[in-house]
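Here the sequence shown is numbered in my numbering, starting from 374 and rising by one per residue.
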Amino acid sequence: MSNTRTYGALASGNVLDREGDEPRPESRISLHPENALPQPISSCTSSSDVATTAGYVLSDPRALNSLPDIVRKKFLSVLAPVYATTVQVIKNSISSTHSSLGTSKKPICYFLGRLPPEIRLQIYRLLLVNPMLADTSSITEDDCNGAYTNYDLHPQILTTCRQIQQEACEVLYGENIFIMVCLDPVVLFHRPTRGPIQRSPITRYTTETQRFPSSTLLSPALLSKVRKWIIVTRTRGMSGRESMSVLDFCRSISRQPPRSLELCIADFNEINITPWGGPQLTDILKHFETLRNVGHFTVRDANRWETPMELLFLGLTFVRLSCGVLVQYGRAPVQIRAQFERYEIFSENICGGKLARLFDRRICRKFTNSGLDLEDLLKSHPLETAMKAASKFTTYHEPWTFKKRREEILQYLEPQYQRICATFTALSEHIKEAKKPGGFLSLKAGHRVIEYTNVEAALGITLLKEYFDALQKRDSHDPRFQVARVTVARFYAELPAEAALRQIEKISRDKKWHGFTPLFKAAVDDLDKQYLRI
374 MSNTRTYGAL
384 ASGNVLDREG
394 DEPRPESRIS
404 LHPENALPQP
414 ISSCTSSSDV
424 ATTAGYVLSD
434 PRALNSLPDI
444 VRKKFLSVLA
454 PVYATTVQVI
464 KNSISSTHSS
474 LGTSKKPICY
484 FLGRLPPEIR
494 LQIYRLLLVN
504 PMLADTSSIT
514 EDDCNGAYTN
524 YDLHPQILTT
534 CRQIQQEACE
544 VLYGENIFIM
554 VCLDPVVLFH
564 RPTRGPIQRS
574 PITRYTTETQ
584 RFPSSTLLSP
594 ALLSKVRKWI
604 IVTRTRGMSG
614 RESMSVLDFC
624 RSISRQPPRS
634 LELCIADFNE
644 INITPWGGPQ
654 LTDILKHFET
664 LRNVGHFTVR
674 DANRWETPME
684 LLFLGLTFVR
694 LSCGVLVQYG
704 RAPVQIRAQF
714 ERYEIFSENI
724 CGGKLARLFD
734 RRICRKFTNS
744 GLDLEDLLKS
754 HPLETAMKAA
764 SKFTTYHEPW
774 TFKKRREEIL
784 QYLEPQYQRI
794 CATFTALSEH
804 IKEAKKPGGF
814 LSLKAGHRVI
824 EYTNVEAALG
834 ITLLKEYFDA
844 LQKRDSHDPR
854 FQVARVTVAR
864 FYAELPAEAA
874 LRQIEKISRD
884 KKWHGFTPLF
894 KAAVDDLDKQ
904 YLRI
């Protein structure tokens with residue numbers, strides 16, 4: 374049949390010429406039965422031909438009716454599995470489409486998904502951290518004690534999502550410093566004043582109906598989030614209400630101890646208070662015994678914004694009130710300096726506090742006709758100068774100057790202490806080896822040293838000299854001290870260690886080792902006494 378065409382031609386729209394040589398793309402036919410009839414079912418050899426013919430027949434039901442009965446039955450028997458296969462393919466296609474839609478990527482939050490945690494934390498700090506939260510000077514009566522101050526914070530970011538809230542809360546409560554003031558409003562000249570309790574950022578909402586402390590404010594769930602605290606309270610004249618405020622606060626944060634806790638003492642009492650009264654810190658510090666694992670704990674004097682007004686009028690501070698403790702604490706540098714002094718008379722005078730009269734009559738007799746001013750030794754050396762100044766500022770109740778002088782003393786003595794420890798360890802190890810059989814300090818050696826131990830003995834002398842030099846006070850370049858050192862050297866020459874060292878050096882030069890062992894032991898024992906005192 375000349376009008377019969379294959380499925381490939383029908384599907385592609387290309388019609389073969391009569392000879393079947395080349396397709397002609399410009400020639401197209403419609404699927405109308407007058408133009409083309411389906412290929413007989415009996416001549417269909419492949420499933421694609423059957424499917425194509427079935428599709429062609431289904432496109433026009435009249436083509437199916439024109440087929441003979443035998444052909445129509447055969448065609449229907451072939452159409453059934455093709456139809457079932459087509460339905461299954463459609464179902465699989467729909468299922469794969471739904472699955473692909475279900476597994477498609479959700480919209481990405483660029484803030485959480487693309488920004489690294491370090492940058493997000495920096496953004497949180499810019500939005501939620503303000504150092505003014507730790508400064509009561511930011512709250513004044515002009516702005517209703519800070520009731521309408523937002524401190525340039527933007528807590529709205531906490532309501533964005535759960536992850537942002539979790540991350541931002543760590544910054545808000547972990548890096549800000551919060552103040553808790555445990556003081557009653559004070560009364561000055563029979564007129565109520567604005568006390569620090571109303572000038573604290575966290576307690577600025579105290580009202581007539583809800584006074585401090587309140588159960589809401591001292592909620593453990595609220596306070597345990599804060600990691601840095603400043604507590605303002607007092608010791609002298611503390612009321613029971615204030616004491617309970619401190620105790621309740623400590624109990625509230627005991628479950629989650631803070632990283633930093635700063636206790637500010639704003640002490641005051643009656644107008645006739647004296648600086649020698651001295652408050653007792655034990656009454657307030659006992660409340661903090663419930664806390665464990667606090668990272669950093671500091672006790673300091675309250676600043677002028679935290680101190681009540683009447684105490685400012687008196688001009689008194691907690692440090693001046695506790696001058697008794699300061700005087701006792703101020704003796705520590707003097708006692709430490711005395712332990713480094715090898716001459717007993719000098720050490721006794723230093724411990725006695727007679728810094729201006731360092732030399733007693735026993736020493737003055739040795740300076741007769743020497744032409745040396747005895748005060749030059751004290752004035753010319755930096756250690757003695759700092760020690761005298763520390764004692765002076767302790768008496769005058771100037772703690773900051775005292776701490777500066779104390780730092781100078783410790784900076785001078787710390788390197789010397791390190792050298793003493795190092796030389797002591799080296800000499801001790803050498804003595805242990807020398808006490809072994811055959812060593813120059815062994816029991817069999819007696820008062821002689823065998824020839825092959827001369828090297829060990831020489832090494833022991835060298836280590837002993839280094840140990841001795843480490844215990845000596847460093848010289849000053851002041852000419853007055855250089856002149857005084859020659860005279861002072863007479864006192865140290867009488868000490869047992871100095872005398873033993875002179876004899877040991879003579880034995881070493883003469884190579885006559887008789888009596889070396891007892892002299893070596895005597896020198897080491899005398900130096901060890903000072904080391905143990907230090």
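For each residue, glycine too, the CB sits at the ideal point set by N, CA and C.
Mark N666 as exposed unless 16 or more other C-beta atoms lie within 10 angstroms of its C-beta, in which case mark it buried. With fewer than 16 other Cβ atoms within 10 Å, it is exposed.
Quick one: grab the DSSP three-state call for F797. The answer is helix: DSSP assigns F797 an H, G or I state.
Collapsed DSSP secondary structure at R673 in the structure displayed: Correct three-state label for R673: strand.
Could you pull out every residue in the same chain whose Cβ sits closer than 6 angstroms to the Cβ of L892, ignoring the five residues on either side in sequence? Around L892: A873, Q876 and I877.
Straight-line CA distance for T798 to F713? T798 and F713 have their C-alpha atoms some 18 angstroms from each other.
Run through DSSP, which three-state label would V897 get? In the structure shown, V897 sits in a helix (DSSP, three-state: H, G or I).
What separation, rounded to the nearest whole angstrom, lies between the Cα atoms of H887 and Q845? H887 and Q845 have their C-alpha atoms roughly 29 angstroms apart.
For T655, the first and last residue of its enclosing beta strand (DSSP E): Here T655 belongs to no beta strand (DSSP E); instead the alpha helix (DSSP H) covers T655 to L658.
Rounding to the nearest angstrom, what Cα-Cα distance links I834 and K885 in this structure? About 14 angstroms.
DSSP state of E605, grouped into three classes? The sequence shown places Val at residue 605, not Glu. DSSP, read as helix, strand or coil, puts V605 in strand.
Tell whether a beta-carbon distance below 8 angstroms holds between A870 and I793. The beta carbons of A870 and I793 sit no closer together than 8 angstroms.
List the endpoints of the continuous beta strand (DSSP E) containing S881. Note, S881: premise wrong, no beta strand (DSSP E); alpha helix (DSSP H) at P869 to D883.
In this structure, how does DSSP classify V828 when only helix, strand and coil are distinguished? Note: V828 maps to helix in three-state DSSP.
Is it buried or exposed for G486, if we count other Cβ within 10 angstroms and need 16 for buried? That one is exposed.
From which residue to which residue does the beta strand (DSSP E) around L634 run? L634: member of the beta strand (DSSP E) spanning S633 to I638, first to last residue.
With DSSP as the reference, label V502 as helix, strand or coil. V502: coil per DSSP, three-state reduction.
In terms of residues, what are the limits of the beta strand (DSSP E) holding V554? Per DSSP, V554 is one residue of the beta strand (DSSP E) stretching across F551 to V554.
When we look at the beta-carbon of A594 and count the other beta-carbons within 10 Å, is it buried (16 or more) or exposed? Classification of A594: exposed, given that the 10 Å Cβ count is below 16.
Determine the DSSP secondary structure at R778, reduced to helix, strand or coil. Look at R778 here: in three-state DSSP terms it is helix.
Going by C-alpha to C-alpha distance, which of V619, S801, F813 and K902 sits closest to F889? The shortest C-alpha to C-alpha distance from F889 to any of V619, S801, F813 and K902 is the one to F813.
Identify, in the order they occur along the chain, each residue of the same chain with its Cβ nearer than 7 angstroms to the Cβ of E839, setting aside the five sequence neighbours on each side. Excluding residues within five positions, the ones whose Cβ falls inside 7 angstroms are T796.
Less than 6 angstroms between C-beta atoms, sequence neighbours within five positions excluded: which residues of the same chain meet that for L636? Excluding sequence neighbours, L636 sits near I604 and V672.
Taking only three categories from DSSP, how would you classify E548? DSSP places E548 in helix when its eight states are reduced to three.
Between the beta-carbon of L526 and the beta-carbon of L499, is there less than 8 angstroms? Taking 8 angstroms as the Cβ cut-off, L526 and L499 do not qualify as a contacting pair.
Count the other C-beta atoms from every protein chain shown that fall within 10 angstroms of the C-beta of P631, then say buried if there are 16 or more, exposed otherwise. That one is buried.
Taking all protein chains shown into account, decide if E540 is buried (16 or more other Cβ within 10 angstroms of its Cβ) or exposed. Label assigned to E540: buried.
Would you mind reading off the limits of the alpha helix (DSSP H) that contains G812? Taken as a continuous stretch (DSSP letters only), G812 belongs to no alpha helix (DSSP H), as it is neither H nor E.
Do you know how far the Cα of I552 is from the Cα of T655? Approximately 22 angstroms, taken between the alpha carbons.
Helix, strand or coil for S625? Go by DSSP, reduced to three states. Three-state DSSP puts S625 in a helix.
When S633, S597, I638 and E780 are compared against D621, the one with the closest alpha-carbon: Ranking S633, S597, I638 and E780 by Cα distance to D621 puts S597 first.
Taking C-beta to C-beta, are S625 and K601 nearer than 8 angstroms? The criterion of a C-beta distance shorter than 8 angstroms is not satisfied by S625 and K601.
Among Y497, I550, I657 and V828, the one whose alpha carbon lies nearest that of L531: The shortest Cα separation from L531 among Y497, I550, I657 and V828 belongs to Y497.
Since I believe L836 is in contact with L868 (beta carbons under 8 angstroms), could you give me their beta-carbon distance rounded to a whole number of angstroms? So it is not a contact: roughly 19 angstroms between Cβ atoms.
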